[in-house]
Structure formats: structure tokens, C-alpha cells
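Note that full-length UniProt numbering has the sequence shown beginning at 1, numbered continuously upward.
All C-beta atoms, glycine included, are put in the ideal place defined by N, C-alpha and C.
Written out below as C-alpha cells is the structure these notes cover.
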Amino acid sequence: MTTTKSGKALVLFSGGQDSTVCLAWALDRFENVETVGFDYGQTHVIELECRAKLREELARFPGWGASLGPDHTISLPELGRISETALTRDVEIEMMENGLPSTFVPGRNLLFLTYAAALGYRRGATHIVGGMCETDYSGYPDCRNDTLQTLGRAISLGMDREFTIETPLMWIDKAATWTLAEQLGGKALVELVLEHTHSCYRGDRTHRHDWGYGCGKCPACGLRAKGYAAWAAGKA
């Protein structure tokens, strides 16, 4: 655990595994941390319902409660309306002709980060933290480091204030994300991630697996299950 904390961060907090680990990471490093979630008409909107319980439990960890500030929710219905994707419509998850999965929502992270920076500007938070990763992911171009750092530079120029986009998971795989959770909060954080985070694109909270809840068939479940299995095997 970091002994000296400073600065203010705003965490893109969806209620999923990655964003929860990122929130723990931020609470361990920054003096003040606020969270923001986005409702864009996603079919797995149940993820937003997980956020309150996760924040409540994370505030119980030693040294984190005093750092955790307000939560914000931003509604972006137009993003869902113009996105003909498997995350905003009841359609099959499949690979498209451009080589990307049908779960790719064009512009999603670009909009999320821009809105977060606008909120951060008002709240005095210049560190924007997100769970994007290009090491072990679905191939989304708006998760790539080049994309995010270029956007961060544009945001800083456009707002005339220096923003830093922090992506603690960018260069690690899903197994290492479980490891990071354990390093940050021990077994208690791992259990919290297992029981209360949501990753499944289908919004399934009825099937419980070793790695948590989900349909077990969508790409998000596949990545989470694979990472958990590799992490667990490494501990055996």
C-alpha cells in the first residue's frame, strides 16, 4: 500500500472487474478519488447496479475510505441509439468484416474520457483513470495506448489544463489483473471482485463460476475466465 498519497483522480467506474481494480489502484495512490459511470443504453446495464455496493465495500479497506469522494453518473443515450452493436442491441456477438467483434461501440472510450475530463475540470481532478488494456483484450482500437495518450494530449490542449490519462492495466494481461487485485487489497479484494463485479456482456447474474457471475459464453466472460484460471494455476 502506498504510504504517501497526493493529487485528485477521477476513475471511469463501470462496475466491472477492470474498473474496480483501477479504483482500488487509484485509492491506493491519490489523496482524493471520485468515480464516474456512463449509462449509454448498454444491454448489460446491470453493471451500473453493482457500483454502489462496490464503492461501499472498497471504502471499508484501510486507508481508502477517507480518499473516496462522490460518485457521478452521466447519461449518453444517443451513443446507444446510433450504435448498431451487440452491446446496445439484441443481436448476436460475432466478428465483423473489419475484424472487430460486434461488441465494439465506436467512439465509446473517446466520449467517456472527454466527458470525464470535462467533469474533472469542474471537480479539480486532472488524473483520469481507466481500465483500458491492449495486452489481453477484444481488439477495440479505442483501448490502445496510442489512442488514449493522443486523446489525452488533445483534451489538455482543448481545455488548457494538463490532464493525465492513467491506464494501470494497459500492459498486463487478465491473470496479472487478478494478481494486482490481490497485491492491492489481499484476499478480501479478490473476493469482492469475484462476488460483486460484473463483466458479462449478456448481463447474466444467475450463473456463478469460479471466476464470478456471467453467461460463460460471451467474449467478456471468456477473457475473465481465462485470466482467472491462469492466475489460480500460478498460485497452485
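Is it buried or exposed for residue i, if we count other Cβ within 10 angstroms and need 16 for buried?
i	result
SER83	buried
LEU68	buried
PRO168	buried
LEU223	buried
ASP18	buried
LEU157	exposed
THR150	exposed
ALA233	exposed
ALA86	Residue placement at ALA86 is flagged as unreliable, the pLDDT there being 48, under the threshold of 50; the coordinate-derived value follows with that caveat. Counting Cβ neighbours within 10 Å, ALA86 comes out buried, since at least 16 surround it.
SER6	exposed
ALA59	exposed
ALA220	buried
ARG208	exposed
GLY63	exposed
ALA125	buried
GLY131	buried
Using the Cα positions of residue i and residue j, report the straight-line distance between them to the nearest angstrom.
i	j	result
ARG144	CYS133	7 Å
THR206	ALA225	16 Å
GLY152	MET170	15 Å
LYS53	THR20	11 Å
GLU57	PRO70	15 Å
ALA9	ILE165	10 Å
TRP231	ASP173	10 Å
ALA117	PHE163	8 Å
TYR140	GLY107	10 Å
THR197	ASP142	22 Å
CYS22	LYS187	16 Å
GLU191	GLY16	14 Å
TYR32	VAL105	In the sequence on display, residue 32 carries Asn and not Tyr. Going from the Cα of ASN32 to the Cα of VAL105 covers about 31 Å.
residue 277	ALA66	For residue 277 there is no data in the structure shown, the boundaries of the chain being 1 and 236.
Indicate the three-state DSSP secondary structure (helix, strand or coil) for residue i in the structure shown.
i	result
PRO168	coil
HIS72	strand
TYR140	coil
VAL45	coil
LYS5	coil
HIS209	strand
THR197	coil
GLU31	coil
GLY16	coil
ASP146	helix
GLY37	strand
What residues in its chain sit with their C-beta under 7 Å from that of residue i, if we drop five residues either side in the sequence?
i	result
THR4	none
TYR228	TRP178, ASP210 and TRP211
PHE38	ILE74, LEU76 and PHE112
LYS217	none
LEU119	LEU10, VAL36 and HIS72
CYS215	CYS200, ARG202, ASP204, HIS207 and CYS221
If you drop the 5 nearest sequence neighbours on each side, which residues of the same chain put their C-beta closer than 6 Å to that of residue i?
i	result
TYR213	ARG205
GLY185	ALA24 and PHE61
TYR115	ILE74
Looking only at C-alpha atoms, which of the options sits nearest to residue i?
i	options	result
LEU27	ILE128, GLU78 and ASN109	ILE128
ILE46	SER14, LEU23 and GLY65	SER14
MET159	PHE61, TYR121, ALA176 and GLN183	TYR121
ASP136	CYS218, GLY124 and ALA175	ALA175
LEU48	ASN109, LEU12, ALA181 and ALA188	LEU12
LYS235	ARG29, ARG161 and GLU182	GLU182
LEU194	ARG29, CYS50 and LEU148	CYS50
Spatial neighbours of residue i within its chain, please: C-beta separation below 8 Å, excluding the five flanking residues on both sides.
i	result
ALA154	none
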